[in-house]
Amino acid sequence: MYDVVVVGARCGGAPLAMLLARAGHRVALVDRASFPSDTMSTHFLWQRGTARLQAWGLLGRLRARGCVPIRQITFDPGPVQISGTGPAVAGAADTYCPRRTVLDMLLVEAAAESGADVIERFSISDVLWSDGRAAGVRGHHPGSARSSLRAAVVVGADGAHSGIARRVGARAYRKHPPLTAVYYSYWSGIGGLGASFHARPGQLTLAWPTNDDLTCIYVAWPRQAFHQVRRDIQGRFLSALELFPGLREAAASGRREARFTGTGDLPNYYRASVGPGWALAGDAGHHKDPCTGMGMSDAFLAADLLADAIHQALAGHQPMDQVLACYQQRRDAPTANGFELTLSTARLAPLSPRLEALCRAAADQPELARHVLGVLGGSIPLTDLHTQARLLPAPSPHQAACTAPVSPSLPASRELEVLDMSRYAKAAEVLCAYSAIRWCTTWPHEQRASAAAGSFRRWDRP
Ligand SMILES: Cc1cc2nc3c(=O)[nH]c(=O)nc-3n(C[C@H](O)[C@H](O)[C@H](O)COP(=O)(O)OP(=O)(O)OC[C@H]3O[C@@H](n4cnc5c(N)ncnc54)[C@H](O)[C@@H]3O)c2cc1C
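Residues 402 to 863 (our numbering) make up the sequence shown, in order.
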């Protein structure tokens, strides 16, 4: 009998199992895959993701496995280019682009070292119930009979097509159909390309260095182009690179080392992520288009929040159902801005005049550029949100319960609590980059740039 069985051992499940095992709970971490293994995903881990790896004591290991820090990102939306990097988050200044073979292996190892039972090549086919509560799972190793794992809590961290979500009947909300279709591959010999985001109407092209001196290049088209692209992936991919001076030539000067990988199945949703005896983490509970590279960082956030909630209940501090309900709210609030930003990016629409105004201002002002890049990375400073939050209506008793301090038994999470904007959700919305754009574009033209820069500077006070 386990305290918790976690189904899915990648960015959502493995850190959750690790944190719960570190807090002294009996955890089974199961996956139908074995590790190391790849999965369909590229690599962008923003500072808020690397900050969590650092807090968990895993960032040094990532670097030791040949993952180089990225200290300059170019954002090229057309009329201008912005270069720089977002502000550090909890002391983590760099972004990283690890291969999933490397990152996921490291996370699984950390879970095992912490005391979780890692069960690989075990495919879950059922949820067990007792008195209306999830009470375990049933599954099998290849070629073996089915067996059961009983637990007080079942967590589905089994990805966007979560079988656990289906079996517990988790309903989706804030649903949007897939907006993009994507393909990516890896090149050697073009390390000088650096990390860049190129956005044009109807197309997004991204490039960044990853492990083994490889450069990943990723192209997104509108979802409706998927079947056309699939008929001639290489041709469509190379002509997409032509839009950006030097990119096709750079790719031609290197060597493609892998087949193209891609999909048109990139839904956008949140799912009800808690119920009697069960919870969902990572993509199983919230998924969005990968164009902004937030999925892994969000999965880390969910792992942190859910580990804290489950620990509080298992330690007898609060009733299980109450802390689980708070978990969903604490996950949704800080991911809301990223969800909207991702949807608007994934529409691949022409740059709005407002956004163009902000980009032009940022191109000339490194500090503003830093903050623009920080919006995506989740590193917009939140210190002044305390001030802003005071102007907001008092939280309801339920919200207050949900923002109680995290458990002292999980100290690694504390430093990052400031990032979990749940208690400042409204303030965060007010202060998000799009608000800055709105301010600067409704003001007289000549005041726009300085107004936007000034606003950001105000938030950045230490
Ligand atoms: C093309 C693409 C590019 C992306 N690029 C980025 C990026 O640059 N940056 C970023 O942050 N995010 C990116 N993402 C998103 C990122 O991959 C996900 O958000 C992240 O992998 C979520 O982790 P997870 O652990 O929730 O789910 P997953 O990584 O999907 O892991 C789920 C695990 O559950 C296991 N599983 C499923 N069903 C069962 C079962 N029945 N029994 C046992 N095990 C099961 C699977 O084997 C798998 O190992 C990208 C996604 C795609 C598709």
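We put the CB at the ideal spot given by N, CA and C, even for glycine.
Practice problem: Classify Cys-412 as helix, strand or coil using the three-state DSSP reduction. | Solution: The residue labelled residue 412 in the question sits at position 11 within the sequence shown. Annotated three-state conformation of Cys-412 is coil, per DSSP.
### Query
For the 8 Å Cβ check, are there 3 or more pairs between the stretch 601-614 and the stretch 493-500?
Result yes; three or more Cβ-Cβ pairs closer than 8 Å.
- prompt: Quick one: any contact between the stretch 549-561 and the stretch 408-415, if contact means 3 or more CB pairs under 8 Å?
  reply: As far as the Cβ criterion goes, the stretch 549-561 touches the stretch 408-415, which means the pair count is three or higher.
Practice problem: Report back the beta-carbon spacing between Phe-445 and Gly-694 to the nearest angstrom; my notes put them in contact at under 8 Å. | Solution: Working through the sequence shown from its first residue, we reach residue 445 at position 44. Working through the sequence shown from its first residue, we reach residue 694 at position 293. Confirmed, about 3 Å.
Limits of the alpha helix (DSSP H) - the one that Asp-527 falls within:
If you number the sequence shown from 1, residue 527 lands on position 126. Following the DSSP letters along the chain, one finds Asp-527 in no alpha helix (DSSP H) but inside the beta strand (DSSP E) bounded by residues 524-531.
- [ ] Take Val-675 and list the residues in its own chain whose beta-carbon comes closer than 7 Å to its own, dropping the five residues that flank it on each side.
- [x] What you label residue 675 is simply residue 274 of the sequence shown in a count that begins at 1. Leu-725, Ala-726, Tyr-728 and Gln-729, listed in sequence order.
| message | By the DSSP assignment, the alpha helix (DSSP H) with Pro-610 in it spans what residues? | response | Taking the first residue of the sequence shown as 1, we reach residue 610 at position 209. In the DSSP annotation of this structure, Pro-610 is not part of any alpha helix (DSSP H); the continuous beta strand (DSSP E) holding it starts and ends at 604-611.
Would you check if there are 3 or more beta carbon pairs closer than 8 Å linking the stretch 743-751 to the stretch 574-581?
Taking a cut-off of 8 Å for Cβ pairs, the stretch 743-751 and the stretch 574-581 touch, as three or more such pairs fall below it.
Q) In chain order, what residues of the same chain lie with their CB nearer than 8 Å to the CB of Gln-482, ignoring the 5 residues before and after it? A) Residue 482 sits at position 81 when you count from the first residue of the sequence shown. Short of 8 Å from the beta carbon of Gln-482, and not among the five residues preceding or following it, lie these beta carbons of its own chain, in chain order: Thr-475, Phe-476 and Ala-764.
Item checked: Distance, Leu-454 Cα to Asp-733 Cα -> For the purposes of this step, residue 733 is taken as the residue at position 332 of the sequence shown. For the purposes of this step, residue 454 is taken as the residue at position 53 of the sequence shown. Cα-Cα distance, rounded: 21 Å.
| task | Starting from the C-beta of Ser-435, find all residues in its chain whose C-beta is less than 8 Å away, skip the five residues before and the five after it, and write them out in chain order. | result | Counted from its first residue, the sequence shown places residue 435 at position 34. Result list for Ser-435: Glu-521 and Arg-522, in chain order.
Open item on the list: Would you call the stretch 649-666 in contact with the stretch 624-636, where contact means no fewer than 3 C-beta pairs closer than 8 Å?
Closed with: Yes: at least three Cβ pairs fall under 8 Å.
Notebook entry, point to check: When the distance is taken between beta carbons, is Val-556 closer than 8 Å to Ala-680?
Noted result: Taking the sequence shown and counting its residues from 1, the one referred to as residue 680 is at position 279. Taking the sequence shown and counting its residues from 1, the one referred to as residue 556 is at position 155. Yes.
On the criterion of 16 or more Cβ atoms from any shown chain inside 10 Å, does His-599 qualify as buried, or is it exposed?
The sequence position of residue 599 within the sequence shown is 198, counting from 1. It counts as buried.
Requested in this report: Give a yes or no on contact between the stretch 534-544 and the stretch 633-642, applying the rule of three or more CB pairs nearer than 8 Å.
Outcome: These segments do not touch.
| Do Asp-871 and His-687 have their C-beta atoms within less than 8 Å of each other? | Lying before the first or after the last residue shown, residue 871 is absent from the chain, which here runs from 402 to 863.
Next item on the list: Following the continuous beta strand (DSSP E) through Asp-518, name the residue where it begins and the one where it ends.
Entry: Position 117 of the sequence shown holds residue 518. 518-520 is the extent of the beta strand (DSSP E) around Asp-518.
Could you work out which residue in Gly-564, His-426 and Leu-550 is closest to Ala-513 when comparing CA atoms only?
Within the sequence shown, numbered from 1, the residue matching residue 513 stands at position 112. Closest by alpha carbon: His-426.
Next on the checklist: Any heavy atom of ligand 1 inside 7 Å of the beta-carbon of Pro-691?
Outcome noted: The sequence position of residue 691 within the sequence shown is 290, counting from 1. For Pro-691, the Cβ falls inside the 7 Å cut-off from some heavy atom of ligand 1.
- Query: Hey, Leu-774 and Gly-485 are a contact pair by Cβ (cut 8 Å); roughly how many whole angstroms apart?
  - Reply: Residue mapping note: residue 774 aligns to position 373 of the sequence shown, counting from 1. Residue mapping note: residue 485 aligns to position 84 of the sequence shown, counting from 1. The C-beta separation of Leu-774 from Gly-485 comes to about 6 Å, placing the pair in contact by the 8 Å criterion.
Residue range of the alpha helix (DSSP H) that includes Val-724: If you number the sequence shown from 1, residue 724 lands on position 323. Counting along the chain, the alpha helix (DSSP H) containing Val-724 begins and ends at 721-747.
Q) Which runs of the alpha helix (DSSP H) spanning at least 4 residues fall entirely within the stretch 540-627, listed in chain order? A) Correct list: 564-569.
Measuring from the CB of Arg-433, is there a heavy atom of ligand 1 at a distance below 7 Å?
One-based indexing of the sequence shown puts residue 433 at position 32. The answer is yes for Arg-433.
With DSSP as the reference, label Val-481 as helix, strand or coil. Reading the sequence shown from its first residue, position 80 is the one you call residue 481. In the structure shown, Val-481 sits in coil (DSSP, three-state: anything other than H, G, I, E or B).
- Task: Below 6 Å CB to CB, which residues in the same chain sit around Leu-550 once its five sequence neighbours on both sides are set aside?
- Result: Here residue 550 refers to the residue found at position 149 when the sequence shown is read from its first residue. So the qualifying residues of the chain are Val-406, Ala-429, Gly-537 and Val-538.
task = Assign Pro-845 to one of three DSSP states: helix, strand, or coil.
result = Residue mapping note: residue 845 aligns to position 444 of the sequence shown, counting from 1. Reliability of the predicted coordinates at Pro-845 is poor, the pLDDT of 30 falling under 50, and no value is obtained from them.
Nearest candidate by alpha-carbon position, reference Leu-420, set Ala-652, Gly-461, Glu-510 and Val-469 | Mapped onto the sequence shown, residue 420 falls at position 19. The shortest C-alpha to C-alpha distance from Leu-420 to any of Ala-652, Gly-461, Glu-510 and Val-469 is the one to Glu-510.
Which residue from Trp-447, Ala-493 and Tyr-671 puts its Cα closest to that of Glu-741? Here residue 741 refers to the residue found at position 340 when the sequence shown is read from its first residue. Check the Cα spacing between Glu-741 and each of Trp-447, Ala-493 and Tyr-671: the tightest is with Tyr-671.
Tell me the rounded alpha-carbon separation between Ala-553 and Gln-448. On the sequence shown, position 152 is the one that residue 553 refers to. On the sequence shown, position 47 is the one that residue 448 refers to. Each residue's Cα considered, the two are about 34 Å apart.
Self-check item: Buried/exposed call for Met-721, threshold 16 Cβ in 10 Å
Solution: Within the sequence shown, numbered from 1, the residue matching residue 721 stands at position 320. Label assigned to Met-721: buried.
message = Please report the straight-line C-alpha distance between Pro-751 and Phe-645, rounded to a whole angstrom.
response = As a position in the sequence shown, residue 751 is number 350, starting the count at 1. As a position in the sequence shown, residue 645 is number 244, starting the count at 1. So the two alpha carbons sit approximately 16 Å from each other.
Is it the case that the Cβ atoms of Ile-634 and Trp-588 are separated by a distance below 8 Å? What you label residue 634 is simply residue 233 of the sequence shown in a count that begins at 1. What you label residue 588 is simply residue 187 of the sequence shown in a count that begins at 1. It is not a contact, given that the beta carbons lie outside the stated cut-off.
What residue does the alpha helix (DSSP H) around Val-490 start on, and which one ends it? The residue you call residue 490 lines up with position 89 of the sequence shown. For Val-490, there is no enclosing alpha helix (DSSP H), as DSSP marks it with neither H nor E.
- Of the listed residues Val-528, Ala-452 and Arg-462, nearest to Gly-492 (C-alpha basis): On the sequence shown, position 91 is the one that residue 492 refers to. For Gly-492, the closest C-alpha among the options Val-528, Ala-452 and Arg-462 is that of Ala-452.
Taking only the alpha-carbon atoms, compute the straight-line gap between Ala-710 and Gly-592 and give it to the nearest angstrom. The residue labelled residue 710 in the question sits at position 309 within the sequence shown. The residue labelled residue 592 in the question sits at position 191 within the sequence shown. Cα to Cα, Ala-710 sits roughly 42 Å from Gly-592.
*Would you mind stating whether Val-380 and Ile-565 have Cβ atoms separated by less than 8 Å?*
The first residue shown for the chain is 402 and the last is 863, placing residue 380 beyond what the model contains.
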